[in-house]
Amino acid sequence: MTAILGGRPEGLTSLRFDDDLDTRARLVVVGNGMAGARFVEEVLERGGGEQFRITVFGEEPHGNYNRIMLSPVLAGEEHEDDIVLNSHDWYADNGVTLRAGVLATRIDTAAKLVYAADGTATPYDHLVLATGSYSFIPPMTGVRTDDGELRPGVHGFRTIDETRAMLDAVGRCRKAVVMGGGLLGLEAARALQGHGLQVELVHAMPHLMNMQLSPEAGAVLERSVESLGISVHLDVFATEVFGTDHVEGVGLADGRRLDADLLVVAAGVRPNTDIAVRSGLEVERGIVVDDQLRTDDPDVYAIGECAQHRGEVYGLVAPAWEHATVLADVLTGTDPTAEYHGSRTATKLKVAGVDVATMGINTPERDDDEFLVISEPRRGVHLSVVIRDDRLVGATLLGDTRKVAFLTQAFDRGLALPEERIKLLVDLSDGAGSASGMLSVAEMPAESQVCNCNGVTKGAICGAVADGCGSVGEVMDATRAGKGCGSCKSLVKQIVEWAADGDLAEDPTASYYVPGIPMAKPELMAAIREQDLRSVSAVFAALAPGGTEDARSKMGLTSLLKMIWGVDFVPEKDGEFINDRVHANIQRDGTFSVVPQMKGGVTTPAQLRKIAEVAEKYEVPMVKITGGQRIDLLGVRKEDLPAMWDDLGMPSGYAYGKSMRTVKTCVGSDFCRFGLGDSTQLGIDLETRFQGIESPAKMKLAVVGCPRNCAEAYVKDVGVVAVGTGRWEVYVGGAAGASVRKGDLLATVGSPEEVLTLTGRFLQYYRENANWLERTYDFVPRVGLDHLKAVLLDDSEGIVADLDAGLQRSIDAYRDPWGQDAKQPATPGQFRPALPLIALPKVPVR
531 MTAILGGRPE GLTSLRFDDD LDTRARLVVV GNGMAGARFV EEVLERGGGE QFRITVFGEE
591 PHGNYNRIML SPVLAGEEHE DDIVLNSHDW YADNGVTLRA GVLATRIDTA AKLVYAADGT
651 ATPYDHLVLA TGSYSFIPPM TGVRTDDGEL RPGVHGFRTI DETRAMLDAV GRCRKAVVMG
711 GGLLGLEAAR ALQGHGLQVE LVHAMPHLMN MQLSPEAGAV LERSVESLGI SVHLDVFATE
771 VFGTDHVEGV GLADGRRLDA DLLVVAAGVR PNTDIAVRSG LEVERGIVVD DQLRTDDPDV
831 YAIGECAQHR GEVYGLVAPA WEHATVLADV LTGTDPTAEY HGSRTATKLK VAGVDVATMG
891 INTPERDDDE FLVISEPRRG VHLSVVIRDD RLVGATLLGD TRKVAFLTQA FDRGLALPEE
951 RIKLLVDLSD GAGSASGMLS VAEMPAESQV CNCNGVTKGA ICGAVADGCG SVGEVMDATR
1011 AGKGCGSCKS LVKQIVEWAA DGDLAEDPTA SYYVPGIPMA KPELMAAIRE QDLRSVSAVF
1071 AALAPGGTED ARSKMGLTSL LKMIWGVDFV PEKDGEFIND RVHANIQRDG TFSVVPQMKG
1131 GVTTPAQLRK IAEVAEKYEV PMVKITGGQR IDLLGVRKED LPAMWDDLGM PSGYAYGKSM
1191 RTVKTCVGSD FCRFGLGDST QLGIDLETRF QGIESPAKMK LAVVGCPRNC AEAYVKDVGV
1251 VAVGTGRWEV YVGGAAGASV RKGDLLATVG SPEEVLTLTG RFLQYYRENA NWLERTYDFV
1311 PRVGLDHLKA VLLDDSEGIV ADLDAGLQRS IDAYRDPWGQ DAKQPATPGQ FRPALPLIAL
1371 PKVPVR
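Following this line, the structure appears as structure tokens:
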């Protein structure tokens, strides 16, 4: 047993020793972030569990999680449970001692001991520092309280706890200032805006994302960000935080004050080197390491964002994982000569809703560098490449990343470039691998890197398939491809499908109706009915693994429960989209669109006068006729919605919901000399019967009085066409959006009443059998027209009566939401004032 020379150190309460009979070397890792945990994984994969007794210190009390995905968690797009990489159980299952929530404070390199804040000392044979970075809080008057803590209302954005705190605050706050115009600041600003806050972004540098983008590209990004309704203040420092008990505003160096009740500081990070400094290790910007990641002490190593290698400190996850791979090779003896020689960084991500890809340098550095730029600020597009000695040494793609696949390969592997350099950025003709300048999956070399975050190549993905991984999900689990930022998932799927050559098992999760409940839709519906589950939380408690709730599943379950139970459904507001919570369509600037119901597109002078009066009263910036023949009032403040509905005195037109929306009609036989049937009345009848009915995705209908198709019935979810002598054709599965598809003729019927009956049966069958968010133009080809005809016309499955009854339950449960919530909001904060985000009017009067 090793003793402590010189007696017991001051403040030491216990000394941790492992079983003396265990002869394995003691490997201690300080830091349980993405670098530290990845290193442990790499060691275990090389059989290191037989060589080492592994102890991991983590300052946070959690297991390891994907820090890259904190922005989607803040935005409400992901649940924090979904970003966990290694749970506490994982460490135990792999024989790793995790000291979660314990801060390592100092190293005695002579005695080989790690001292922790809880008073313990842990011996090591090899020590790896993976302490990462911390949020930099610039010195500002009033940013901290007298005890040194951040003032209430001030938040960093680096950890899951900080993200939780912001999510807790958004419901009480109206205005936010975000400090920092880098990736993290932009993501925070967009996420907070999505929660209804007015957001202002303050950046000390002259352009956004100055570490990755050129000034010109930064200016294009600024324009795109401001078009979202986020105010941007550049080239100015925040110098003061106002408020006593809580943040009330932020003062800028130029004398301006920005009112705010929430301040998010995302002004960059700094390597966390405190433990190395206190322990006498060599530290400059980061902990200085050599090509084998070794510090100036031969048994202490550093990896990830805290490490400085050849003068470089990387703030990206891909270099950290390269560090982990090299060091695992060295320490396990898999490759004792392995070395790290630096990283060629290439990133592809979505910043505040804008696609961005960067690699290498963003501007020329030598006189003979070639520099090609295509900039379209109005479209939010800025593309550039830097070429040196016929090799790609840098590229920036902002707003249009279609060329990123080839450019990444050219950057990583030095692929030959087309003589016409413009082909690198735009499609002209065949060049650089294909007409699009991108390599097909078959053409990609095995060493082509597919997942930049995890350094996974095409060869590794194909190898996983060859080793028996039978689905896309299994390949992702085995290789970690797609497990970082997720931007490569579609390419991973293509490669897996190509490598499997058709012999690909379906991922079990692909059949789940929602990701949080491991059941297909029919099985899920049966369980809900059998167990009488009438709320989303009840479904999770009874059917989710461990009773765990999944944020991504709530909207789909809400729609399903409304369809099953009708008026007996128990609503829960956190199970609805923002549109459904406030019964209006949110716009990109945070205002709302109000579309009153006009059945069949028919209105009256009295309705038009009322709409005009309301538009003037509430200063509506734009009044527009929609493609569905309705009047749309755009730019309405959230807090004005109930009063506007009350003043209109018209029902909701459901332009915002995953539901039956409008029925578009032509004039029909009343006035048109070509009319063969009363399309107007039939459209009104359809809209009256099916108004507001929940469905897996939005439903658009149309009725035309003759095959001239003036109301475009052939390209609707359900389209009805008068063909003479009282007969009507019913088409299903049409589309006229990004996808264009002529609907399939389901049947020709002999009366408007039969149209109503057949349409209702199709709607209910679709509601019961379609996947969540699956439009009819995908559903109809999937189930097959012949199958639909057999079920709905011939009653081949004996369910027609049940379809009629199920739809009638939903019809009976219908309540106009504008009438309900205009009088009494469902929750006190349902229409809490959150606007205007920018000065109204937001659009010119046309």
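Heads up: the sequence shown begins at 531 in this note's numbering, then just goes up one per residue.
Ideal Cβ positions, reconstructed from N, Cα and C, are used throughout, including at glycine.
Model, not experiment: these values are computed from the prediction.
| query | result |
| --- | --- |
| Pair within 8 Å by beta-carbon distance, Y1307 and A1252 | no |
| Residues that E1224 bridges to, as DSSP identifies them | S1189 |
| Best match in A1056, A1029, R815, F569 for proximity to D804 [C-alpha to C-alpha] | R815 |
| Three CB pairs or more closer than 8 Å across the stretch 1197-1212 and the stretch 1144-1158 | no |
| F767 beta carbon less than 8 Å from that of A660 | no |
| Bridge-paired residues (DSSP) for P1045 | None; P1045 has no bridge partner. |
| Bridge partners - K705, DSSP secondary structure assignment | Q728 |
| Sequence-distant residues of the same chain with beta carbon closer than 7 Å to G1198, five excluded per side | G1205, G1207, D1208, S1209, T1210, G1235 |
| Which residues DSSP lists as bridging Y621, in chain order | Answer by DSSP bridge pairing: none, since Y621 is not bridged. |
| Inter-stretch contact (C-beta, 8 Å, three-pair minimum) for the stretch 782-798 and the stretch 621-639 | no |
| Uninterrupted alpha helix (DSSP H) stretches inside the stretch 592-665 (no shorter than 4 residues) | 600-605, 618-623 |
| Contact set for G579: own chain, Cβ-Cβ below 7 Å, skip 5 residues either direction | N624, G625 |
| Counted within 10 angstroms of its Cβ, other Cβ atoms place H1317 as buried (16 or more) or exposed | exposed |
| CA-to-CA distance, H656 to T888, given in whole angstroms | 36 Å |
| Check whether T652 and T693 have beta carbons under 8 Å apart | no |
| Bridge partners - P1282, DSSP secondary structure assignment | For P1282, which the question treats as bridged, DSSP gives no partner whatsoever. |
| Length of the line joining the Cα atoms of V980 and V1044 | 28 Å |
| With 16 other Cβ atoms within 10 Å as the buried cut-off, status of Q838 | buried |
| Three-state secondary structure (DSSP) of H685 | strand |
| Same chain, Cβ closer than 6 Å to L937, five either side skipped, listed in chain order | A925 |
| For H763, three-class secondary structure by DSSP | strand |
| Anticipated Cβ contact below 8 Å, V729 with L722, distance rounded | 5 Å |
| P669, buried or exposed, once every other Cβ within 10 Å from all chains shown has been counted against 16 | exposed |
| Within the stretch 772-804, ranges of the beta strand (DSSP E) (whole runs, at least 3 residues) | 779-782, 787-789, 792-795, 799-801 |
| Helix, strand or coil at I952 [DSSP, three-state] | helix |
| For A1335, the first and last residue of its enclosing alpha helix (DSSP H) | 1330-1342 |
| Expected contact under 8 Å - CB spacing of E1217 and K1129 to nearest Å | 4 Å |
| Per DSSP, the bridge partner or partners of W1258 | A1252, V1279 |
| Buried/exposed call for T675, threshold 16 Cβ in 10 Å | exposed |
| For V847 and V614, the rounded distance between their alpha carbons | 16 Å |
| DSSP bridge partner residues for G890 (one or two, in chain order) | G924 |
| Where R1426 sits in the DSSP three-state scheme | Since the first residue shown for the chain is 531 and the last is 1376, residue 1426 is missing from the structure and cannot be characterised. |
| Where the alpha helix (DSSP H) through V1005 begins and ends | 1002-1009 |
| Spatial neighbours of M709 in its chain, beta-carbon cut-off 6 Å, leaving aside the 5 residues before and after | V732, A768, V795, A797 |
| Runs of alpha helix (DSSP H) wholly within the stretch 1052-1135 (minimum 4 residues, chain order) | 1066-1073, 1084-1095, 1108-1112 |
| Three-way DSSP call (helix, strand, coil) for K1194 in this model | strand |
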